[in-house]
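Everything below concerns the one structure shown next.
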Amino acid sequence: MRALLPVVLAALAASPCAHAAQTLQLQGTLSGKDHQRYLELPFTVPDGTARVDVTLRHDGAGERTVIDLGLLDTHGFRGWSGGSRRAVTVSRYDASGGYLPGALPAGQWKVLLGIPNIRAGARTPYTVGVTLWDEDEVQAGRDRAPQVLREGPAWYRGDLHMHSTHSDGSCSSQQGNKVPCPLFLSLQAAARQGLDFVAVTEHNTASHLEELARHQPWFDRLLLIPGMEVTTFQGHANVFGINGPLPFRLGDTLPDWNPLLRQVNDSGALLSINHPALASGEACMGCGWTPARPVDMDAVAAVEVVNASQADGPRAGVGFWEQQLQQGRRMTAIGGSDSHDPGAADGPSPIGRPATLVHAPALSRDAILAALRQGRVVVDVRNVAGSRLDLWLRDAGGQRTGMGQQLDLPAGQWATAHAELDYPRPLRIEFVIDGRRHPATVETGEDGSQRASLRWRSDGKRHWLRVDARDGDGSLLMLGNPVYVNWPR
Ligand SMILES: [Zn+2]
Ligand SMILES: [Zn+2]
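In mature numbering (1 follows the signal peptide of the UniProt record, and there is no 0), the protein residues as written are -20 to -1, 1 to 469.
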């Protein structure tokens, strides 16, 4: 309980991180007499704290000074990382390796330093930074440093729906028994499928946040987006970009979907209605979209139009989504495998199938979520490597308007819709205007892409125009999102 060295407890100072709340600086200087001793540096955690970040800086490594790092909360041990980490974090939902997540009791905490080596004549000044975040900041994601896995605008390919041991995912154990399936296997399967991002969407829990945070450094080509499948008796909806658990007790503690939608949108996350056309019943409880009270559908950002293998027919979500578009609601169509077993490559919902292709300015959580909202998004039903579908309208003045964008086109004016498809074999291309299908003549471009166009005359009213690509037998393979014409801004 004693501090072996004078510790300077600086006044609350602005953190170097642009988002940060408040940072304490605990400073001191080690000398040879601290060799093989422990130091406790006390600090106060106020009520309502939801994350504690600790950093350690010193420049004694050149003369072989080693400082180990650990953390004590009001009850005692909270974590130890030895000399392996200079920055650690603990929160209610996640923690660095070696540290325990969970409630952060208010009171006196201590940073624990161990000094396994310092030379007899050495003097090593050190600075420990302690940053404290409150619950609102954590829920809004302000405690997260932006993490960009890849810079630059591109089509990024991902799977937005999967389950693991954190909810009802299962797979074969070493001896062939069906057991709760480790999340890592799902992430590895996604990486093998060549995906750029996944959203892990466990049913009504956030217990996977910690694993995702710990796995992300290893998956430095696969962006891990924490999600939750809000699973109610009146429908399922994926929320992408959660920072903690969300309420789900619809008809109990939650009167209807609207407070949840407000919470989601305020936090920068987005909500997608899942498999809306599935029937609710004993086979799939609460699976259909059957809200008991009116939902503010303008607050819904997306619809899962292809769940697992349901791309065509009455169980696909395309019809539900197009009805929403007809009612003037802009929602992005997406897909999700709903994988519950990463080992079942031949099953009905292997990871990555369908894939969702998102044109985003970078591969980061914020960029992918913003691009999903924006809507330059394509569902690739079979997850075919290298496949791509794009659509744009060109008006008489030459202006180009792409998927997710809006064009004002007065009555009587003409525009041309251009579709461009990359796929390993010829497909049928079909324009869809306000839900009506218009098969197109497909030509092959100089670069081998499949192209189609359609001249279209505006009547000055609101319309949406998109494109699909189908196999020779008519089955849907690629689904595009709309260009919006004459929509209120
Ligand atoms: Zn579901
Ligand atoms: Zn699911």
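For each residue, glycine too, the CB sits at the ideal point set by N, CA and C.
Since we're looking at a predicted model, the values are computed, not measured.
Hey, quick one: how far does the beta strand (DSSP E) through Asp448 stretch, first residue to last?
Counting along the chain, the beta strand (DSSP E) containing Asp448 begins and ends at His443 to Arg450.
If you measure between the beta carbons of Gln306 and Pro271, is that distance less than 7 Å?
no
Could you tell me if the beta carbon of Asp318 falls within a distance shorter than 6 Å of some heavy atom in ligand 2?
yes
Ligand 2 heavy atoms versus the CB of Glu190: any closer than 6 Å?
no
With a 10 Å radius around its C-beta and 16 neighbouring C-beta atoms as the bar for buried, classify Ala170 as buried or exposed.
buried
Quick one: what's Pro105 bridged to in DSSP?
Thr9
Going by the CB atoms, is the gap between Arg309 and Met277 shorter than 7 Å?
yes
Leu(-12) to Asp33, Cα distance in whole Å?
Model confidence at Leu(-12) stands at a pLDDT of 43, short of 50, so the residue's coordinates are unreliable and nothing is read from them.
Anyone know if the C-beta pair for Ser71 and Arg124 falls short of 7 Å?
no
Distance, Cα to Cα, Leu52 vs Leu4?
16 Å
Which value, in whole angstroms, describes the spacing of the CA atoms of Arg374 and Ala449?
Taking the straight line from one Cα to the other gives about 20 Å.
Status (buried if at least 16 other CB within 10 Å, exposed otherwise) for Thr312
buried
Quick one, are the C-beta atoms of Val118 and Phe23 less than 7 Å apart?
no
Can you give me the Cβ contacts of Asp27 inside the same chain, cut-off strictly under 7 Å, excluding the 5 residues immediately before and after it?
Ala86
In whole angstroms, what is the alpha-carbon distance linking Tyr136 and Asp176?
Cα atoms of Tyr136 and Asp176: separation of roughly 6 Å, rounded to the nearest angstrom.
For ligand 1, list every residue whose C-beta falls under 5 Å from any of its heavy atoms, going in chain order.
His216 and Asn254
Would you tell me roughly how many angstroms separate the C-alpha atoms of Gly221 and Leu140, rounded to the nearest one?
11 Å
Span separating the alpha-carbon of Gly63 from that of Leu230
47 Å
Assign Asp360 to one of two classes, buried (16 or more other C-beta atoms within 10 Å of its C-beta) or exposed (fewer than that).
buried
The alpha helix (DSSP H) that contains Phe300, what's its start and end?
Val298 to Gln306
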